[in-house]
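Below is one structure, written out as structure tokens, with a few remarks after it.
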Amino acid sequence: MSDLPKGWVKTRLGEVCSYIQRGKSPKYMRESDIPIINQKCIRWSGIDERYLKFLDPENCSSWTEERFLAHGDVLWNSTGTGTIGRAALFQGLKLADRVVVDSHVTVLRSGGAVSGAFLHRFIQSPSVQSAIADMQSGTTNQVELNRSEVIETALPLPPLAEQKRIVAKLDALNAKSARSRTELARIETLVSRFKQAVPSKAFSGELTREWREHDNWPLPVRLGDVASSFAYGSAAKSQKSGSIPVLRMGNIQDGRLDWADLLYTDDRDEIRKYQLTTGDVLFNRTNSPALVGKTALYDGKRDAIFAGYLIRIVAGPHLDSRYLTYALNSPSGREFSWNVKTDGVSQSNISAAKLKEFLFAVPSMEEQHEIVRRIEFAFAKIDRLAEAAKRALQLVGKLDDAILAKAFRGELVTQDENDEPAEHLLARMRAERAAAPKARRGRKAKA
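Convert by adding 135 to the 1-based position in the sequence shown; the result is the number in the working numbering.
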């Protein structure tokens with residue numbers, strides 16, 4: 136490979152490993168002194184001991200010594216959709232000293248020219264992981280990574296000393312990206328908390344306190360006293376095609392209407408009776424306990440009717456329908472729904488009569504408009520932050536891949552002319568193998 140750095144050599148996994156072998160199908164027992172690592176245990180970060188199984192001691196005699204794992208072995212998942220290609224570096228278990236793998240895992244043991252840590256990182260690299268689909272064989276539900284494919288996998292091999300520098304650099308950079316992932320993942324939790332805090336302040340009067348002259352937040356009123364009407368939706372059967380969408384409880388998501396996964400109707404009578412009007416508030420009256428009470432505002436951008444599991448609320452002249460939607464979705468609104476719901480076998484239910492009893496403060500129409508404006512401004516700002524965090528999290532993953540790709544092009548650390556070239560090390564290995572006595576084969580003598 137002419138584009139490899141000085142001191143590197145192109146080789147194969149079969150040439151640098153002294154042992155490449157799939158595990159055996161064991162006889163399991165509930166517990167023993169010999170753990171068995173299976174594909175579920177194998178994570179890029181190491182061995183997840185929660186999923187260990189155990190070898191029946193009576194089956195132990197059929198396992199030759201080379202099948203017991205050594206420190207630095209690389210364990211490569213060789214079967215299973217979604218798990219094939221994942222690898223772990225074996226560095227011992229807390230549970231036992233003698234460990235084996237089952238037949239779904241391939242063991243790669245270094246012959247001295249490559250470190251296990253470097254080999255593990257190489258398997259993790261984009262060049263290998265993107266090739267897994269071409270390397271595997273079998274059907275969709277039973278894919279396998281054959282030993283022959285593993286043996287023939289090309290490896291760009293640097294000097295042993297440089298391998299150690301590459302692994303050390305990767306470890307340091309990965310530690311930084313791991314911290315970044317942790318911090319970025321926290322933003323999702325912070326967004327959820329913020330989106331609860333804003334309505335809590337809004338419907339206690341804190342959000343617009345300076346907006347009022349004497350801080351006279353009004354006393355709570357019944358929803359039934361400030362809404363014009365409550366109505367249940369259509370009980371008629373809807374269909375996958377038609378002229379008008381039928382909004383159902385699944386179309387209310389995160390306080391908004393989700394226009395995906397729609398059903399439709401062509402029934403003219405149903406359309407006339409249940410046609411929605413801009414500003415209608417749709418309340419999910421039945422669902423699982425955690426989801427009953429979800430509410431969304433119909434904005435009139437698309438004609439629709441509503442199904443029987445929803446209640447349509449029409450706001451009165453002194454109530455902003457957007458203000459009502461946020462009030463019902465606020466922590467106090469969700470708490471109301473939780474307290475008044477009637478629990479069935481698998482679903483909870485809230486009737487229109489109970490919904491009318493929802494108590495909440497209704498300030499002047501001008502202040503309602505201001506509260507809605509401030510809530511939506513705050514939500515838009517936090518949504519932009521959440522989206523930026525999501526993009527950053529994706530970029531961290533791409534950065535990790537880019538760093539791995541650089542590592543195996545020889546661009547991550549500097550070369551040292553004093554390092555023994557990889558070709559010299561390979562030549563010495565070949566000579567040692569050639570000089571080693573061949574294992575004698577033959578049938579066992581009959582007793």
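Quick reminder that beta carbons are idealized off the backbone N, C-alpha and C, glycines included.
| Check | Outcome |
| --- | --- |
| Nearest to S456 (by Cα), restricted to the options S486, I440, M500 | M500 |
| Alpha-carbon to alpha-carbon, N484 and S364 | 19 Å |
| Expected contact under 8 Å - CB spacing of W617 and E511 to nearest Å | Summary: the structure shown does not reach residue 617, with the chain confined to residues 136 through 582, and so no result is reported for it. |
| For T477: DSSP bridge partner residues | N484 |
| In chain order, each alpha helix (DSSP H) run of at least 4 residues that lies wholly inside the segment 309-375 | 358-361 |
| Pick from N212, G207, L445 that is closest to I172, judged by C-alpha positions | N212 |
| Inter-stretch contact at 8 Å, needing at least 3 Cβ pairs: the segment 306-324 / the segment 557-568 | no |
| DSSP bridge partner residues for F189 (one or two, in chain order) | M164, P170 |
| Counted within 10 angstroms of its Cβ, other Cβ atoms place Y186 as buried (16 or more) or exposed | exposed |
| Inter-residue CB distance, A116 and V236 (contact presumed, cutoff 8 Å) | No answer is possible for residue 116: it lies beyond the span of the chain, which begins at 136 and ends at 582. |
| Bridge partners - G273, DSSP secondary structure assignment | V278 |
| For V507, the first and last residue of its enclosing beta strand (DSSP E) | Run containing V507: none in the beta strand (DSSP E); it sits in the alpha helix (DSSP H), 500-542. |
| Straight-line gap, P192 to N386 (C-alpha atoms, nearest Å) | 57 Å |
| Completely contained beta strand (DSSP E) runs for the segment 407-486, where each covers 3 or more residues | 416-419, 430-432, 445-450 |
| C-beta contact flag for A231 and D168 at 8 Å | yes |
| Span of the beta strand (DSSP E) around R157 | 152-157 |
| Beta-carbon spacing of D401, G377 below 8 Å | yes |
| Given 8 Å, three or more beta-carbon pairs between the segment 545-556 and the segment 141-150 | yes |
| Three CB pairs or more closer than 8 Å across the segment 435-447 and the segment 492-499 | no |
| Check: E193 C-beta below 7 Å from any heavy atom of the ligand NAP | Questions concerning the ligand NAP fall outside what the structure shown contains, since it holds no ligand whatsoever. |
| Status (buried if at least 16 other CB within 10 Å, exposed otherwise) for A582 | Residue confidence for A582 is low, a pLDDT of 38 falling below 50, so the modelled location carries little weight; the figure read from the coordinates is stated next. Its Cβ having fewer than 16 others within 10 Å, A582 is exposed. |
| Proximity below 8 Å, CB of V278 to CB of T216 | yes |
| Bridge partners - D237, DSSP secondary structure assignment | K159 |
| Segment contact flag, the segment 365-376 with the segment 450-465, C-beta cutoff 8 Å, min 3 pairs | no |
| Length of the line joining the Cα atoms of A571 and Y154 | 15 Å |
| CB of S472 within 8 Å of CB of G428, strictly | yes |
| Limits of the alpha helix (DSSP H) - the one that R565 falls within | 557-570 |
| T477 vs T430 beta-carbon contact at 8 Å | no |
| Beta-carbon gap between H206 and F225 smaller than 8 Å | yes |
| L454 versus G414, G435, K489, L426, residue with shortest Cα-Cα distance | G414 |
| Delimiting residues of the beta strand (DSSP E) encompassing P291 | 289-292 |
| Cβ-based burial, Q298 [other Cβ within 10 Å; buried from 16] | buried |
| Inter-residue spacing [alpha-carbon to alpha-carbon] between Y409 and A450 | 16 Å |
| First through last residue of the beta strand (DSSP E) which encompasses P642 | Outside the shown range of the chain (136 to 582) lies residue 642, about which nothing can therefore be said. |
| Length of the line joining the Cα atoms of R508 and Y458 | 10 Å |
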